[in-house]
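These protein sequence lines are chains A and B, in that order.
Each residue of the first sequence is one higher than the one before, counting from 1 in the numbering used here.
Each residue of the second sequence is one higher than the one before, counting from 1001 in the numbering used here.
Every residue gets a Cβ at the ideal spot worked out from N, C-alpha and C, and that includes glycine.
These notes are about the structure you will find just below.
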Amino acid sequence: MTITKTRRDVLGNSALRPDGAAKVRGDFSFTSDLNAENMLWGATLRSPHAHARIISIDYSEAWKITGVETIITADDVPGLPTYGLISQDQPVFARDIVRYMGEPIAAVAADHPETCRRALAAIKVEYELLPVLSEPEDAISGTVPAIHPDGNLIRHQRIVAGDVSATGPIVVEGTYDIGMQDQAFLGTEAALGFPDHDGHGVEVHVATQWLHEDQKQMAACLGLPENRVRLVLGGVGGAFGAREDISLQVHTALLALRTKRPVKMQYGREESFFGHVHRHPAKVWMRHHADQNGKLIKIEARFVFDGGAYASTSSAVLINGVTHTQGPYVCHNAIVDGYAVRTNNPPCGAMRGFGVVQACFAHEGQMDKIAAAAGIDPVTVRLINAMKTGDTLITGQTVESVAPVERLIRETNEIPLPAPLPDVVDELHLPGGSGITSERKHIRRGIGWGVSIKNIMYSEGFDDYSTARCTLKDGAVTLKFATSEVGQGFVTLAPQIARSVLGVDDVVCDTIDTNIGSAGSTSASRQTWMSGGAVDGACRLVRERLFEHVGAKYGVDPIRLIIDDTDIVDTVGTLRVSVHEATQGVTISEEFEHHHRPTEDLDENGQGNCHVAFAFVAHRAVVDVDPELGLVKVVQIATTQDVGKALNPLSVLGQIEGGIAQGLGLAVMEEIIVENGRVRNPSFTDYLLPTALDAPVVVARLVEEPDPQAPLGAKGVGEPPCISVTPAIVAAIRDAIGKDIPRCPVRPQDICL
Amino acid sequence: MPVLLPTSLSEATQMLSDTPGATLLAGGTDLMVEVNFNHRKPNDVIALRHVPELSQWSLNKVAGTVFIGSAVPYKHMESGELAQLVPALAQAARTVGSPQIRAAGSIGGNLGTCSPAGDSLPVLSALDAIVHLASVNTTRDVPVSDFMVGPKRNSREQNEIILGVTLPIRNGRQGYAKVGVRNAMVISVASACFALQDGSPRIALGSVGPTVLRCPHAEQFLSQNLAADGSVSDDVAKEFGRLVSQESKPIDDHRSTAVYRRHAVGVLAQRLVQRGVQS
Ligand SMILES: Cc1cc2nc3c(=O)[nH]c(=O)nc-3n(C[C@H](O)[C@H](O)[C@H](O)COP(=O)(O)OP(=O)(O)OC[C@H]3O[C@@H](n4cnc5c(N)ncnc54)[C@H](O)[C@@H]3O)c2cc1C
């Protein structure tokens, strides 16, 4: 794709991030960089056990340590003792029972992080160990005692569509395992809390994805009215879903209120692995029935998502999984059962792709099996089944979004393959990389495909609206919104919108905080659509009033006025006045809420218009494999993405390349290893993320067919890049070695043993 | 925490003798990690950065050996003259961490930590390196096989500083290979160094035992089956790999499985023994 730069940073231009240079130079202030005068440090005591009864907590020794200002436990939570995004089942501090390794039990505030560490070490907790429920099937079977008052089954959803007795000459089956991936953002959890002078309120600067949801849950736990819990977005170093749930927000606020001093909390890397939810590990069984040409007739599927100890967003992740069973393909008959269960494993929740990653890994594995059975290639099987706008999902929902699936596959297929490996090659670029394990003669190359459909925005009747205010004064615009900037680039896009709509150049984004209505979460690929819609709406309201003002002043009907570059122009007359000039001494301010169209719940047969819109993408992976050692090198990812409209092509490319790296991680290395509830690798030494030597060449194309439903024609682009790239890479490995690998990440031993 | 900065070896050994229990700091790429994790709480630290004797290497053409000071960073071994003299060490050095780590990390630190996954250690072992230790009054030369006594355990005395190592310069083919689950910046899951030195084959393995292992049976088999020109047939290479696998003593852990490790060192051995030879 080509990146263009025009004179003004308007929509369609690759405007640069306002914080880009500061981040590269190390000048950007992340939340963990915040400090306050007279500040204390907070730290959390966590359970070393996955399941245990707390017999006693003795913090008398910790109190004796000089510098310790307060120690709090479950007894000190003044409001609701639990929180949660969908159901409030997770304790602020464990009281009687700990249900996962790393569950918070107490928090301390002290004059120095080292004092905190000593205080935590001095707190004695006596536990009685309980049997660990680590196997999701045990949670479904009902044969083990409930580990939580809400039971071990978080949600079950069935989908029944069409003729469930239908079958065909081709029947293929597979059981796929998807490992537990971590979001592994670089900026660990951090917050700085300030108590109000009267002691009845708190202001918390925090790295989060959704200020207003945090505010709501925090106020409930703190027993304060929402307007006494004010949140300000601190600098965020990545999110990917892991900042959707509460982590240290309530603890920080409680410590600040209790000590009447500013308190800062910040997790280290190891604690971060215990401090946030992960991607659900899942087991997905699918059986596809197709005609002899490979056209889908029916899908049977069973999903088991391991939600870990607390519900988080498991029920929504489950719905995303089961409702995307068919992938971007047409199929009218289906029977699907999905379970999200509670275990003593680490809690799982939102991560980029949100349930669809697991479904896609399975359905794409199945498409290749159908192709093999029908004697056609992976491209053909996907083309003949490709979904179009107007097709119906197994939920009965009609896909009204632009659905250019066929075009995505064809255009990706047209991207030239990388040159074959030359006879003499730098071993660094072979599988094994700097370990120099392989020579040219050991390598086999494979090609694999992955295509996906992803819902965007929230589902099942949820009105995740967004709010923005635009103030135009003396030729300059100030935008106010509560949209979390987690790296996705809304602070780049919002000014582009204002420049395009209002013809101004000078645009400032106000502090991102709770002093305006909710923007919803920075997740579900939704902020360009939702907050972009809100900023666009507010700017348009301001433009209307600006035209009224100019019309009145020059005696022109406002309806004749338009913005042309930076001028206001009368389309039928001769008036041309610069926006700058026309707004001197004028202040116009408007607020706008953007709501997407309503969605519905699913019925007991999984029928209903539960999603707002869909985005599509195709990936083709070329992977070199050393079959004997089981090592891989992803050589090239070719991709074509349905973006509606590229409002900032450079930002889009950033999402594509980053998403591909994250999907590659899940394909070949990223996995939190849990044994009987214990996390074995909570560090970047052992939780491996791709390095520059693992990253492939990315060749990206965009399909720009503006979506009529989307306020700016643009679909969200954040999640799709990471979804089907994982199955594409694994398919390429299978292709290279001629062996079925039903899990990801693929480990060396899965290839060579 | 006082940090002492000696500027000569004699000053350094004196300080070490005067402050029993002091911790030696070279590149800090192991030590600082342990300090950050509170696994180690040094009282006194002696930083070796300004001790010139430890930061140099030298060639003894007559003996056909090279001395490498314990604090010479990996980046000086990766390329240049040292890399020509001991190519397997260059390959091992290149696999260590990232450029930042290779600019600071040293063989002295690798030996000090003595992890079975230390990347320079199989090279030292295969080449029968001598470890030089110095204390206030004495120096001691220890074969590396006697220096590495167990997982993260070595035979250095509290009052000794690792001065450096002496290795033979290459006079046959040699190479190092390391398997990790990503293509750079990774702790080895299995590694091997092969060297044909003075006509005799040697193989040492990393990450497949409590410490670095030599494989006497495999070496003996190979020495009896080398062609006159030193080359190795495919069948011999394969058998050699099998014997190496047999002599490895890997375990299961969260990084890999014993079965895979055993398999992987065999493959590495089989490949290394033919590496650089026209097949
Ligand atoms: C991100 C990262 C990646 C890494 N990757 C690798 C890798 O791929 N392969 C690998 O092998 N290692 C790796 N390591 C570990 C480390 O870099 C190496 O072990 C390195 O050789 C340590 O050298 P140093 O000079 O930094 O030692 P230091 O950390 O300074 O010291 C390590 C230990 O040795 C002792 N010591 C140091 N010098 C002497 C001396 N002269 N005499 C006596 N005792 C001494 C110290 O007291 C300490 O106990 C990695 C580390 C990090 C942080």
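Using a C-beta cutoff of 9 angstroms, does residue i count as contacting chain A?
i               : result
Q1100 (chain B) : no
I1187 (chain B) : yes
R1140 (chain B) : no
K1178 (chain B) : yes
T1029 (chain B) : no
F1037 (chain B) : yes
D1074 (chain B) : A small correction: the amino acid at residue 1074 (chain B) is Tyr; Asp does not occupy that position in the sequence shown. Cβ-Cβ to chain A under 9 angstroms: no for Y1074 (chain B).
A1195 (chain B) : no
A1103 (chain B) : no
Of all the options the options, which has the alpha carbon lying nearest to the alpha carbon of residue i?
i               : options                            : result
A1083 (chain B) : B:A1237, B:S1256, B:L1167, B:R1156 : B:L1167
I297 (chain A)  : A:V486, A:R597, A:P169             : A:P169
T343 (chain A)  : A:V425, A:F240, A:A311, A:V703     : A:A311
G1080 (chain B) : B:T1023, B:S1135, B:A1090, B:D1146 : B:A1090
L1120 (chain B) : B:V1136, B:N1137, B:G1097, B:S1135 : The residue you asked about is not Leu; residue 1120 (chain B) is Ser in the sequence shown. For the residues B:V1136, B:N1137, B:G1097, B:S1135, the minimum Cα distance to S1120 (chain B) belongs to B:G1097.
M1148 (chain B) : B:G1172, B:V1123, B:N1137, B:A1218 : B:V1123
Q584 (chain A)  : A:V572, A:K553, A:G234             : A:K553
V1232 (chain B) : B:D1018, B:N1171, B:Q1274, B:N1038 : B:Q1274
G606 (chain A)  : A:N515, A:R155, A:D33, A:I588      : A:R155
V1062 (chain B) : B:P1042, B:I1169, B:N1183          : B:I1169
L133 (chain A)  : A:F30, A:R545, A:N676              : A:N676
E593 (chain A)  : A:G517, A:S651, A:L666, A:I55      : A:G517
Q948 (chain B)  : B:A1104, B:S1070, B:A1134          : This structure leaves residue 948 (chain B) out entirely; chain B is present only between 1001 and 1279.
L428 (chain A)  : A:S438, A:V108, A:A419             : A:S438
E460 (chain A)  : A:T313, A:D426, A:I568             : A:T313
M351 (chain A)  : A:V405, A:G294, A:G241             : A:G241
Residues in the same chain with beta-carbon distance under 6 angstroms from residue i, minus the five sequence neighbours each way, listed in chain order, please.
i               : result
Q1278 (chain B) : Because the pLDDT of Q1278 (chain B) is 42, which lies under 50, any placement of that residue in the model is unreliable, and the number read from its coordinates should be weighed accordingly. The answer is none, since no qualifying residue turns up.
K283 (chain A)  : D177, V304
Near residue i, what residues of its chain come up, given a Cβ to Cβ distance below 8 angstroms and the 5 sequence neighbours on each side ignored?
i              : result
R734 (chain A) : D368, G446, G448, D740, I741
G79 (chain A)  : A219, A220, C221, L222, G223, L224
D291 (chain A) : G168, P169, I170, I297
I737 (chain A) : R444, G446, V625, P627, I751
P720 (chain A) : S452, K454, S525, A615, F616, V617, Q641, D642, G659
Does the beta carbon of residue i come closer than 9 angstroms to any beta carbon on chain B?
i              : result
H611 (chain A) : no
G375 (chain A) : no
N681 (chain A) : yes
K264 (chain A) : no
M387 (chain A) : no
L631 (chain A) : yes
L120 (chain A) : no
E628 (chain A) : yes
P742 (chain A) : no
Taking residue i as the query, report the chain B residues whose CB atoms sit under 7 angstroms from its CB, ordered along the chain.
i              : result
S434 (chain A) : R1094, T1095, N1183, A1184
L693 (chain A) : N1183, A1184
Name the chain A residues whose beta carbon is nearer than 7 angstroms to that of residue i?
i               : result
L1268 (chain B) : T437
Can you name the residues of chain B whose CB is closer than 8 angstroms to the CB of residue i?
i              : result
I739 (chain A) : Sequence inspection shows Lys at residue 739 (chain A); the Ile mentioned does not correspond to that position. Within 8 angstroms Cβ-Cβ: nothing; K739 (chain A) doesn't reach chain B, min ~15 angstroms.
Q209 (chain A) : Residues of chain B passing the Cβ test: none, with the nearest at roughly 28 angstroms.
P748 (chain A) : V1179, V1181, V1189, S1256, Y1260, A1264
In chain A, what lies closer than 8 angstroms to residue i by C-beta?
i               : result
R1170 (chain B) : What R1170 (chain B) touches in chain A: nothing, since even the nearest Cβ is about 16 angstroms away.
Q1091 (chain B) : I436
Whose C-beta lies closer than 7 angstroms to the C-beta of residue i among residues of the same chain, with five residues either side of it excluded?
i              : result
D570 (chain A) : V556, R560, L561
G67 (chain A)  : A110, D111, H112, T115
Kindly list, in the order they appear in chain B, the residues whose Cβ is closer than 9 angstroms to that of residue i.
i              : result
T115 (chain A) : Correct list: empty, because the minimum Cβ distance to chain B is about 13 angstroms.
L688 (chain A) : G1180, V1181, R1182, M1185, V1186
Check for me: the alpha helix (DSSP H) holding residue i runs from which residue to which?
i               : result
D1146 (chain B) : 1144 to 1147
N1225 (chain B) : 1216 to 1225
So which residues of chain A does residue i contact, with C-beta pairs closer than 9 angstroms?
i               : result
R1040 (chain B) : Per Cβ cutoff of 9 angstroms: no residues; R1040 (chain B) is ~14 angstroms from chain A at best.
The beta strand (DSSP E) spanning residue i covers which residue range?
i              : result
K454 (chain A) : 444 to 456
R410 (chain A) : Careful: R410 (chain A) lies outside any beta strand (DSSP E), inside the alpha helix (DSSP H) at 405 to 414.
K645 (chain A) : Unbroken run through K645 (chain A): none, as it is neither H nor E.
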